Amino acid sequence: MDVFLTPFLSLHWGWVATGLVLASMDWFGGGLRLWVCTRYVYPSVRLRDMVLAGGFGAWGAYLTPFQSGSAPMSMWVMKRAGVPVPVALSSIFVTFIATVGFFAIAGPLAVVLGAGKSLSQHGLVLGITLYGLFKTSLTIFGFLGLLMLTAIIFPGVVKRVIERLAKRFARRSPGAAERMEKLLGGVDRAHACMIAFGSPRGLLTLLLAIVISAPSHANKLLAGYVTMRILGIPADFSDILLLQTLISFLLYFAPTPGGSGLAELTSAAVMSIYVPRELTPSYTLIWRFINSYATVIVGSLIFWYWLRSGLIGREEAVGVT
-11 MDVFLTPFLS LHWGWVATGL VLASMDWFGG GLRLWVCTRY VYPSVRLRDM
39 VLAGGFGAWG AYLTPFQSGS APMSMWVMKR AGVPVPVALS SIFVTFIATV
89 GFFAIAGPLA VVLGAGKSLS QHGLVLGITL YGLFKTSLTI FGFLGLLMLT
139 AIIFPGVVKR VIERLAKRFA RRSPGAAERM EKLLGGVDRA HACMIAFGSP
189 RGLLTLLLAI VISAPSHANK LLAGYVTMRI LGIPADFSDI LLLQTLISFL
239 LYFAPTPGGS GLAELTSAAV MSIYVPRELT PSYTLIWRFI NSYATVIVGS
289 LIFWYWLRSG LIGREEAVGV T
């Protein structure tokens, strides 16, 4: 216990403040990116609402396996802000494309620039080599990238597939037919949005979203370096950035909520060449607070406030005063 608590008595508080600012990037970085994408197809959207939507998207991702709760939470907040569901879905889809594009570039680049050396210095994590996990993640990103590229270049094909599936469900009952009719109306709206994103200006918006993905994921990419500085551990910025990029890349599709368990093991293994063993527990706690725990705490407090204020379940826009 003393080994765990002692490092907290000599923290570098200037870097603690930096860590708190960094932790907010789930909200402000993610919100800015979502605002840029949504504003292109729905100009009246407000940045404040998208900051909430972006933050709650991260909140939902950290609380669910495979980050599956991210899109539903963002969509729910966007709907409360007055954004039509098809527009919200299309905008979130484009931000996901931007994330895939960003990590598809950053992941391999991290290995090429030297992060791969760390992989060869470690044995197995849960019976899986880190490099094998990296290649699996890269394959998933590549497959998703091809699917998304198809959706942007050939939006009509995707629309026809959805329409055929909807018509099959509609034959089952009158109630299903009514729901499928509403769904097809939303598909038409989403199809129009995807056509807009496929234009030169839309592709420029996507490129901007990929660039903004850097600050959007800054709390994950820079958490390791800032945590080391908080604990007074000497750190080379470029080396730590490369390794944190690799860790983020590996954990993006972690099957546990927020990468729980796997994140701690992977981080401890990869960062062991820089973080002394006696500081690993303290490092892990601060690192996790910056890259996820802070967002979970803030999101839970806001959600609790909405519940207490009776805002959950109403149809008007939700905001925090």
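Just so we're aligned: 292 in my numbering is position 304 of the sequence shown, and the numbers increase by one with no gaps anywhere.
Idealized CB from N, CA, C, for every residue including glycine.
Given the structure is predicted, the values throughout are model-derived calculations rather than measurements.
What is the DSSP secondary structure of P31, counted as helix, strand or coil?
-> P31 sits in coil when the DSSP states are folded into three classes, being neither helix nor strand.
DSSP-derived helix/strand/coil call for L196 = helix
For L135 and G42, the rounded distance between their alpha carbons | 23 Å
Assuming V214 and L10 form a contact by the criterion Cβ under 8 Å, report the distance between their Cβ atoms to the nearest whole angstrom.
-> 6 Å
Helix, strand or coil: which one does DSSP assign to F44?
-> helix
With a threshold of 16 other CB atoms inside 10 Å of the CB of A5, please say whether the residue is buried or exposed.
-> exposed
Buried or exposed (CB count within 10 angstroms, at least 16 for buried), W23 | So W23 counts as buried.
Please look up how many angstroms separate the CB atoms of P245 and T52, rounded, as I've assumed it's under 8 Å.
-> Indeed they touch by this definition, with Cβ atoms about 6 Å apart.
Per-residue burial, T254 [other beta carbons within 10 Å of its own, 16 or more giving buried] = Classification of T254: buried, given that the 10 Å Cβ count is 16 or more.
Using the Cα positions of V284 and R152, report the straight-line distance between them to the nearest angstrom.
-> 39 Å
Assess, as a yes-or-no matter, whether the segment 261 to 278 is touched by the segment 207 to 225 under the definition of 3 or more beta carbon pairs within less than 8 Å.
-> The segment 207 to 225 vs the segment 261 to 278: in contact.
Taking the alpha helix (DSSP H) that V75 falls in, what are its first and last residues?
-> 73 to 98
Excluding the five sequence neighbours on either side, which residues of its own chain have a C-beta within less than 7 Å of the C-beta of G18, listed in chain order?
-> Annotation for G18: G42, G43, G45, A46, S204 place their beta carbon closer than 7 Å to its own, counting only its chain and skipping 5 residues before and after.
So, is R189 buried or exposed, given that buried needs 16 or more other C-beta atoms within 10 angstroms?
-> Label assigned to R189: exposed.
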